[in-house]
Amino acid sequence: MKLFGRREKPIGEILSGGESAIANKEVEGLSLGQIVRRRFFRHRAAVVALFLLSSVIVFVMTALDTKIGPLRIPGWWRWTVEDIPDLRFEDCPGGTIGCPTLSVNPFSGFGMGTHPFGQDDIGRDYFALVMNGARRSLMIMFIIGFLAGFIGVVVGSISGFYGGIVDAVLMRLVDFIQTVPIIIIAAVIGKTAGRVGPVFLALFLGLLTWTGLARLIRAQFLSLRELEFVDAARVAGASNARIAFKHILPNAVGQIIVTVTLIMAGAILTETALSYLGFGVVAPDVSLGLLISEYQTSFTTRPWLFWWPGFFIITIALCVNFIGDGLRDAFDPRQRRRITKKDRLQAKLQVKAGA
Amino acid sequence: MGTEKVLEISDFNVDFWVDGVWYPAVIDMNLGLAAGKVTAIVGESGSGKSTTALGLMSLLASNARINGSVKVKGEEMVNAKSAILHRFRGREVAYIFQEPMTALNPLYTIGFQIIETLRNHFDMGPKEAQKRALELITMVDIPEPEKSINKYPHQLSGGQRQRAMIAQALACDPALLIADEPTTALDVTVQAEILDLMRGLKDKLNSAILLITHDMGVVADMADEILVMKDGITVEHGTADQIFNKPRHPYTQQLLSAVPKLGSSLKRVLAFRQDAKPAPVLKLTDVTIEYPKRGRVPAFTAVKNFSLEIYPGEIVGLVGESGSGKTTVGRAAIGLLPVKAGSIEIVGKEIAGANQAQLSAIRRHTGIVFQDPASSLNPRLPIGESIGEPIYLAKIAKGTDLARMVEELLDQVELPRSYRNRYPHELSGGQRQRVGIARALALTPDLLIADEPTSALDVSVQSRFLDLLTELQEKLKFACLFISHDLAVVDILAHRIAVMQNGLLVETGDRDDILLRPQNDYTRRLISAVPVPDPAEQRIRREARLAAKK
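Going down the list, the protein sequences come from chains A and B. Add 373 to a position in the first sequence, counting from 1, and you land on the number used in my numbering. Add 2 to a position in the second sequence, counting from 1, and you land on the number used in my numbering.
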């Protein structure tokens, strides 16, 4: 509670504001951005998710070598995807090979070993493979989020702002795209275009997933453009573009952020599903979904090949979802805080201390 | 029963829990109310009147805490079991809310909603309840009761909806009726009818009424006793006669003096000589405005053959009931609505049929203040940016020059310069309307259009706002079209008055001609319906009104 400090005020000053002032006490002297930030940080699950996701991103991105053109930033992990070390078979359960050496047993002590996540069939380090896959999946997620967000916002804004024929045409386009079954189209594209790489897949998925956002933004624009401040801007001489992007769009930013985070959470799952079916990312490239599908025959004997990519998929999708949840609550002005038992107790203490 | 108190409030306190502190909203209220009597709670918005009304039956949000005692017919309501509260709500204590459109469920017919209340509280068959509902609807004078009982709220007019809500509230013959601003959303003529109805029903059913309002005129019409609230504290409590004729507390005196009274203000001097009129700033000739057909909704002509001229330095008040087309005229005059026929000229330039570039050139000469302070400022822009936008877009100034001009404008409307960086949600309604004026005056326009700028403000805030507007007008000499439903407000400001009814201009003339010697029947009706903060005067008017009905 003390995180943001509290303004102490004499009772007279509080009373002079009256009822509506009381309702506004919580937001006094803050810009809307600050209010949203405050509400967001009160959402415990979202804050934890934000922290977790950023750690995962940093962890994944720094683990392996990164190549940007001629530049090569070395990662901190000792193996790369290309290395093929000897397969390990000592102390593996049930006579399997390449089991994880990670040990969190409190009796025998914590240890990483040479291959903490284990090895695959030919001995490649599974940690390196998972890191590489997670990297691809994250990249795909962000490309989809950005592209779908951009197209959705532009189409939705134009549609809602101009209305009439423009709106009708764009919305029929949205209807059309929404009827397209993504998995089947992806299968066709994947088969015909062949190995085109994960970036192409991401762009393609982005081109199909913006429709929901466009509809939401359109609805927002339809209601916002009737408000008087839009007329005021028009009277002040603002052009259509200025009204749409300076006056209306910032008021819809809450919706946009929330929807885009949810699109991103969905995107990572779609990519996984496509890759698993063999229509998404194809070998030798790796993604989390592809890892699961490649080793699916060995799950009964070597379950860790399934655990680690699964763990990263769930963590990333869950974190993004929680962040989206937190943002939605933060942007919704109708959300009031509940009074908890702790609050009541604190109030009693305050009264006692004052008396 | 007789003299027994229906409602007894003692040491009533309400606090709200916000951000770790309890903030008091109602402090130590005491009140007793007998059957057949009306007590009014008066105060400005934020004084805790509505909080009191809701708090009596524990209807407040979960962050509220109630202390003290509220007894209805001797039964304690504070911290009562929910079963007891359920029995009393609707049965003994009924509410009438401000906005009947939102208080009635739009999915059910009014008959259904009345029957529901009846069958919740009484052991009654559907036929019997239907019969009783019909009686109630007849009692509140809704036309064609047999048909109306099957109507949905949106099929009724505002006044009829309020009547339906009163019928629902009276369904169980409640001992106490709590009316929270029952007429604020209504036109003056409809308001007079509703007040007459409530008064008649009270006498017939011997209910007690707790009336909550900010309108001193309404109070003068209804109340036996008055309680004046300020910031949660009861500042004065007495009979209507005492409060109106011998107010003791300075706040009560201030509240009474802030109420605009018809015919009490001084004659305002025109900026030019009557005989040598300069060229008009705004000239509307035979303007017809139509809202086009939309789907199955037919085209609607909002304004027909409307002609009006406004000269430099003159304030013209445009008055009419809601739906009369006055706002439509205001918006068309600034080019926000297309004109179907006729011509609108601003400083000699035609705006009917002008293209975007021509329009924005003409708009440099105009400014507009909107009705709703909550939606007329962009919530995401600091107010300094909102004010400076017209200047910036007209490419008159940028950067520090712009900032300086914005500060000057803030000075003009008497707001602190530091408010430049604040956001609209941090300002009160009155302050936001000042920002609205500052923005409208940013380009020093020749014509200012003010569309009901005070209808959302408290009386004392309204009177300060009107003073400011008058002052600015005298200093800057702009012409002004002041649109309002409140004749008393127009009376303070205007040189001339135009009266509208159903899209037609029914009468126009000098202020005194309209207010003192109205020629048109409708104007006369409008003037007599304006409530006056004087119980004796109200009684005379009411009797005259009833006599006219018979």
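Glycine is no exception: its CB is placed at the ideal position from the N, C-alpha and C atoms.
Any Cβ of chain B within less than 8 Å of the Cβ of residue i?
| i | result |
| --- | --- |
| A/ALA703 | no |
| A/PRO657 | no |
| A/VAL631 | no |
| A/PRO623 | yes |
With respect to the alpha helix (DSSP H) encompassing residue i, which residues constitute its N-terminal and C-terminal limits?
| i | result |
| --- | --- |
| B/TRP19 | No alpha helix (DSSP H) holds B/TRP19; the beta strand (DSSP E) holding it covers 7 to 20. |
| B/PRO147 | 147 to 150 |
| A/THR645 | 626 to 650 |
| A/ALA541 | 537 to 552 |
| B/ARG201 | 190 to 207 |
| B/HIS123 | 112 to 123 |
| B/ALA85 | 84 to 90 |
Taking all protein chains shown into account, decide if residue i is buried (16 or more other Cβ within 10 angstroms of its Cβ) or exposed.
| i | result |
| --- | --- |
| A/PHE577 | buried |
| A/TRP452 | buried |
| B/GLY431 | buried |
| A/TRP681 | buried |
| B/GLU195 | buried |
| A/TRP449 | exposed |
| B/THR104 | exposed |
| A/PHE652 | buried |
| B/ASN107 | exposed |
| A/ILE457 | exposed |
| A/VAL553 | exposed |
| A/LEU520 | buried |
| B/GLU473 | exposed |
| A/ILE556 | exposed |
| A/LEU580 | exposed |
Just to confirm the assignment, what range does the beta strand (DSSP E) spanning residue i have?
| i | result |
| --- | --- |
| A/TRP449 | Element bounds for A/TRP449: n/a, residue is neither H nor E. |
| B/MET31 | 23 to 36 |
| B/THR290 | 284 to 293 |
| B/SER378 | Note, B/SER378: premise wrong, no beta strand (DSSP E); not H, not E. |
| B/ALA96 | 95 to 98 |
| B/ARG67 | 66 to 74 |
| A/ILE687 | Taken as a continuous stretch (DSSP letters only), A/ILE687 belongs to no beta strand (DSSP E), being part of the alpha helix (DSSP H) at 677 to 704. |
| B/VAL44 | 40 to 44 |
| B/MET59 | First-last for B/MET59: undefined, no H or E at that position. |
Compare the C-beta of residue i with all C-beta atoms of chain A and state if any pair is closer than 8 Å.
| i | result |
| --- | --- |
| B/PHE372 | yes |
| B/PRO381 | yes |
| B/LEU260 | Before going on, a small fix: residue 260 of chain B reads as Ala here, not Leu. Chain A, which has no Cβ nearer than 8 Å to the Cβ of B/ALA260, makes this no. |
| B/ALA399 | no |
| B/SER377 | yes |
| B/PRO252 | no |
| B/LEU395 | yes |
| B/PRO392 | yes |
| B/ARG365 | yes |
| B/ARG498 | no |
| B/ALA436 | Position check: residue 436 of chain B holds Arg in this sequence, whereas Ala was assumed. With 8 Å as the cut-off, B/ARG436 does not count as an interface residue toward chain A. |
| B/ARG441 | yes |
| B/SER71 | no |
| B/SER209 | no |
Please state whether DSSP places residue i in a helix, a strand or coil.
| i | result |
| --- | --- |
| B/ALA335 | helix |
| B/ARG498 | strand |
| B/ASP493 | helix |
| B/GLN521 | coil |
| A/SER612 | coil |
| B/LYS129 | helix |
| A/ILE556 | helix |
| B/ALA242 | helix |
| B/LEU136 | helix |
| B/MET79 | coil |
What does residue i reach in chain C if we use C-beta pairs closer than 7 Å?
| i | result |
| --- | --- |
| A/HIS620 | The chain inventory of the structure shown lacks chain C, comprising the protein chains A and B. |
The ligand GDP and residue i: does the residue's C-beta get closer than 7 Å to at least one heavy atom of that ligand?
| i | result |
| --- | --- |
| A/MET544 | Of ligands this structure carries none, so the ligand GDP is not represented either. |
Exercise. Pull out every residue of the stretch 406 to 428 of chain B whose Cβ sits closer than 8 Å to any Cβ of chain A, in chain order.
Key: TYR425, HIS427 and GLU428
Exercise. Scan the stretch 320 to 341 of chain B for residues whose Cβ lies nearer than 9 Å to a Cβ of chain A and list them as they occur along the chain.
Key: ARG333, ILE336, GLY337 and LEU338
Self-check item: Under 7 Å (Cβ pairs) to chain A, residues found in the stretch 32 to 60 of chain B
Solution: SER47, GLY48, SER49, GLY50 and THR53
Quiz prompt | Members of the stretch 669 to 681 of chain A that neighbour chain B once the beta carbon cut-off is set at 9 Å | solution = none
Exercise. Closer than 7 Å, Cβ to Cβ, to anything on chain A: give me those residues from the stretch 456 to 473 of chain B, in chain order.
Key: none
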